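K.L.:
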Amino acid sequence: MSALLSVSDVHIAYGKVEAIRGVSLEVNENEIVTIIGANGAGKTTLLNAVMGILPLKGRTDFAGQDMAALDIEDRVAAGLCLVPEHRELFATMNVEDNLQLGAFRIPKATAANSFERVYSLFPRLKERRKQLAGTLSGGEQQMLAMGRALMGAPKLLMLDEPSLGLAPIIVADIFRTIGELRAAGVSVLLVEQNAQAALRIADRAYVMELGEFVLSGAAGDIANNQRVAASYLGFQHEGESAV
Amino acid sequence: MNTTIMLFLLQDGITNGAIYALLGLALVLVFAVTRVILIPQGEFVTYGALSYAMLATGQVPGTAKLAVAMGLVAFGLDLFVARKSLHARLVARAVAVDIVFPLAVCLLTYALAGPKTPIAVNIALALLIVAAIGLFLYRIAFQPIAHTSVLVLLIASVGCHLALQGLGLVFFGAEGLRGPALSNVALTAGSLRFTGQSLAVYGLTIAFIVALWLFFGYSLTGKALRATAVNRLGARLVGIRTTLSGQIAFLLASLIGAISGILIVPITTLYYDTGFLIGLKGFIAAIIGGLVSYPLTAVAAILVGTVEAFSSFYASNFKEVIVFTLILPVLVLRSLAAPEVEEEKD
Chain U
0 MSALLSVSDV HIAYGKVEAI RGVSLEVNEN EIVTIIGANG AGKTTLLNAV MGILPLKGRT
60 DFAGQDMAAL DIEDRVAAGL CLVPEHRELF ATMNVEDNLQ LGAFRIPKAT AANSFERVYS
120 LFPRLKERRK QLAGTLSGGE QQMLAMGRAL MGAPKLLMLD EPSLGLAPII VADIFRTIGE
180 LRAAGVSVLL VEQNAQAALR IADRAYVMEL GEFVLSGAAG DIANNQRVAA SYLGFQHEGE
240 SAV
Chain A
0 MNTTIMLFLL QDGITNGAIY ALLGLALVLV FAVTRVILIP QGEFVTYGAL SYAMLATGQV
60 PGTAKLAVAM GLVAFGLDLF VARKSLHARL VARAVAVDIV FPLAVCLLTY ALAGPKTPIA
120 VNIALALLIV AAIGLFLYRI AFQPIAHTSV LVLLIASVGC HLALQGLGLV FFGAEGLRGP
180 ALSNVALTAG SLRFTGQSLA VYGLTIAFIV ALWLFFGYSL TGKALRATAV NRLGARLVGI
240 RTTLSGQIAF LLASLIGAIS GILIVPITTL YYDTGFLIGL KGFIAAIIGG LVSYPLTAVA
300 AILVGTVEAF SSFYASNFKE VIVFTLILPV LVLRSLAAPE VEEEKD
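Here the protein sequences line up with chains U and A, keeping their order. Start counting the first sequence at 0; every next residue gets the next number (numbering that gives the first Met the number 0). Start counting the second sequence at 0; every next residue gets the next number (numbering that gives the first Met the number 0).
#1: Measure how close the beta-carbons of Val82(U) and Ala132(U) come, nearest whole angstrom, since I'm counting them as under 8 angstroms.
#2: Against chain U, with Cβ distances strictly below 8 angstroms, would Arg34(A) count as a contact?
#3: Give me the chain U residues within the contact set of Arg225(A), using Cβ-Cβ distance strictly less than 7 angstroms, ordered along the chain.
#4: Taking DSSP as the reference, what is the three-state secondary structure of Val90(A)?
#5: State whether the stretch 122 to 133 of chain A contacts the stretch 254 to 266 of chain A, with contact taken as three or more CB pairs (one from each stretch) at a distance under 8 angstroms.
#6: So, using beta-carbon positions, are Cys105(A) and Leu136(A) closer together than 8 angstroms?
#7: Does the distance from the C-beta atom of Leu158(U) to that of Val187(U) stay below 8 angstroms?
#8: Quick check: what's the CA-CA separation for Ile287(A) versus Gly36(U)?
#9: Mapping the DSSP letters down to three states, classify Gln192(U) as helix, strand or coil.
#10: Output yes or no for whether 8 angstroms exceeds the beta carbon distance between Thr296(A) and Leu24(A).
#11: Roughly how many angstroms separate the alpha carbons of Ala90(U) and Gly238(A), rounded to a whole number?
#12: According to DSSP, is Ser1(U) part of a helix, a strand, or is it coil?
#13: Relative to the C-alpha of Gly210(U), which residue among Leu3(U), Leu69(U) and His10(U) is closest?
#14: For Glu240(A) and chain U, any beta-carbon pair shorter than 8 angstroms?
#15: Check distances from the C-beta atoms of the stretch 72 to 88 of chain U to those of chain A and list, in chain order, the residues that come in under 9 angstroms.
#16: What residues of chain A sit near Gly151(U), judged by a beta carbon separation below 8 angstroms?
#17: Measure the C-alpha to C-alpha separation of Gly216(U) and Ile31(U) and round it to an integer number of angstroms.
#18: If you follow the alpha helix (DSSP H) that Asp96(U) is part of, which residue opens it and which one closes it?
#19: Residues in the same chain with beta-carbon distance under 8 angstroms from Glu70(U), minus the five sequence neighbours each way, listed in chain order, please.
#20: Indicate whether Ile277(A) and Pro179(A) have their beta-carbon atoms separated by less than 8 angstroms.
#21: Are any of the Cβ atoms in chain U nearer than 8 angstroms to that of Gly245(A)?
#22: Please name the residue, chosen from Ala62(U), Arg226(U) and Leu55(U), that lies closest to Asn27(U) on a Cα-to-Cα basis.
#23: In angstroms, rounded to a whole number, what distance separates the CA positions of Gly221(A) and Ala68(A)?
#24: So is Leu100(U) in contact with chain A if we call contact Cβ pairs under 8 angstroms?
#25: Taking its Cβ as the centre, do 16 or more other Cβ atoms sit within 10 Å of Ile301(A), making it buried, or is it exposed?
#26: Using 8 angstroms for Cβ pairs, my map puts Leu28(A) next to Ala248(A). What's the rounded Cβ distance?
#27: Apart from the five residues just before and just after Ile326(A), which ones in its own chain have a Cβ nearer than 7 angstroms to its Cβ?
#28: Among Val227(U), Tyr205(U) and Gly178(U), which has the Cα closest to the Cα of Thr33(U)?
#29: Who are the near neighbours of Arg34(A) in its chain, counting only those whose CB is closer than 7 angstroms to its CB and skipping five residues on each side?
#30: Can you tell which of Leu124(U), Glu72(U), Asn193(U) and His85(U) has the C-alpha that lies nearest to the C-alpha of Pro153(U)?
#31: Less than 8 angstroms between the C-beta atoms of Thr3(A) and Val59(A), yes or no?
#32: Pick helix, strand or coil for Ile139(A), following the three-state DSSP scheme.
#33: How many angstroms separate the CA atom of Thr242(A) from the CA atom of Leu219(A)?
#34: In chain U, what lies closer than 7 angstroms to Gly233(A) by C-beta?
#35: Counting only runs that start and end within the stretch 74 to 143 of chain U, where is the beta strand (DSSP E) found for 3 or more residues in a row?
#36: Roughly how many angstroms separate the alpha carbons of Gly167(A) and Phe74(A), rounded to a whole number?
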């Protein structure tokens, strides 16, 4: 079986400056993959380019289809969905409308199921369904952004820093939900600075530094890697420990 | 001044204000969705009004052919853009929207036009023609540059206005036209006389405002348009095509413009270039509404209409000056009250 998303030898440049240099990655079905790395490593750039927001050089395939000729809307229709770093909610519209628009591309009958699913994943959104998106707390906005993306029943959900600026207890909640997505048949590509939390729920991980992947492998192995531990997890391993 | 004159002026002002309200709403709608300041809104007014007036005399207006010609150009553009991934459904849609629709409208116009055609049919034909022109105007002039700055879009908009105005001269001639009234009923209440036409103006304006409110509040398409206005990237990320939103916005704006024109052409003689001034007054209302607020725009439009009525009574030479001066205190107030807005990023 071929990968759900495959990115091969991708270069992304802002003018003359190459932000991403020859990156390849794969996400299989029912898999949670995380990209960790410091601020400015190019993680967000990569996600935006895969979504079609930024132009890239190289090949990207999704569900067996070359995405070169597809624009953002086609990619959404194909089942690829991005929850961007800034969430990009419809701030002056209420929660329910935001979610309804998330199901813009799918038939009305299916949308009813999506509502149920999203409300069961995020009961908070159901309580606030008549509230304007812009007045929600940061954590609720993140839930709404994820909920809106899930409304369209995507095959692959790309999450850009879902924990950014959120209280630890809410972060735990969000990560638990990401873990639950796999059971619902949604694959996840997760970009995070909170490496510890990301590695705990991911199957595989890539480590990005200055626009390149310097390391990749099973999440457990990456978590135990000395260099990763020192740079991203904030502690040194005392010798090698088995996982 | 006695009360009767005041009432007359108020009535006049509200009738005109209702028209400006419609135009202002269309301007806000188009700006919110596409960031285009729609200068050619006035041309939609004249095209609607004069097409209707010509149809009423039994002639076929040149706008019907213009719609077909613009459709052909739009078709070419659609095919060119999609040249890398041409599939049957896409081509079929382009043929239906760009070729069949305007051609059908044009043929229908030729078939139905005559001195005995009922008013309702003439109105429907005029609306269809202008709607097609509005739709293709977006497709041809604005869709290819939709991502550029507000300034570029504004300049394109001025270009469209000039082009359409010139074409208006070709189609309708330099002579003004008047159209038949929608109804000849007249009611008298005290010293005021309400003609059927002015009642139609009020009725349709209110109906349109309610319809727009329902459309944006409850239909998925309306919500998608609002979403595009609130957050373009967010809208694209849920799969809303901003090009489609733009086309719908222009379609609505041209329809609203044409209806306004049809409503006023029985009251005042319209020339090929009258629309611009009418559109500008709607624009003042839209500016007072900050180009975002529909209710504020509607209220401001009534104010503009009333000020216009009173100034044409007291200082008719300065009528336009006074109306357009309204914008100055508003701009000053807004620039003092509003926090500094950064230039758009993209």
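C-beta: ideal position from N, C-alpha, C; glycine also. It should be emphasised that the depicted structure is a prediction, and the values quoted were computed from it without experimental measurement.
P.N.:
Walking through what the data contain:
#1: That pair is no contact at about 14 angstroms.
#2: no
#3: Met92, listed in chain order.
#4: helix
#5: yes
#6: With respect to the 8 angstroms criterion, Cys105(A) and Leu136(A) are not classified as neighbours on the basis of their beta carbons.
#7: Their beta carbons are under 8 angstroms apart, which means Leu158(U) touches Val187(U) by this criterion.
#8: 48 angstroms
#9: coil
#10: yes
#11: 18 angstroms
#12: coil
#13: Residue His10(U) is the option with its Cα nearest to Gly210(U).
#14: Reading off the sequence shown, one finds Arg at residue 240(A), where the question assumed Glu. Cβ-Cβ to chain U under 8 angstroms: yes for Arg240(A).
#15: Glu72, Asp73, Arg74, Val75, Ala76, Cys80, Leu81, Val82, Pro83, His85, Arg86, Glu87 and Leu88
#16: Val237 and Gly238, listed in chain order.
#17: 12 angstroms
#18: Val94 to Gly101
#19: First, the amino acid is wrong: residue 70(U) is Asp here, not Glu. Result list for Asp70(U): Gly51, in chain order.
#20: Against a cut-off of 8 angstroms, the Cβ pair of Pro179(A) and Ile277(A) comes out as no contact.
#21: Output row for Gly245(A): interface = no.
#22: Each of Ala62(U), Arg226(U) and Leu55(U) was checked against the Cα of Asn27(U), and the nearest Cα belongs to Ala62(U).
#23: 29 angstroms
#24: At least one chain A Cβ lies under 8 angstroms of Leu100(U).
#25: buried
#26: At roughly 6 angstroms, the Cβ-Cβ gap stays under 8 angstroms, so Leu28(A) and Ala248(A) are in contact.
#27: Ile283 and Ile286
#28: That would be Tyr205(U), whose Cα lies nearest to the Cα of Thr33(U).
#29: Val149 and Leu152
#30: Glu72(U)
#31: no
#32: Helix.
#33: 16 angstroms
#34: Glu87, Leu88 and Phe89
#35: Whole beta strand (DSSP E) segments, 3+ residues: 79 to 82.
#36: 23 angstroms
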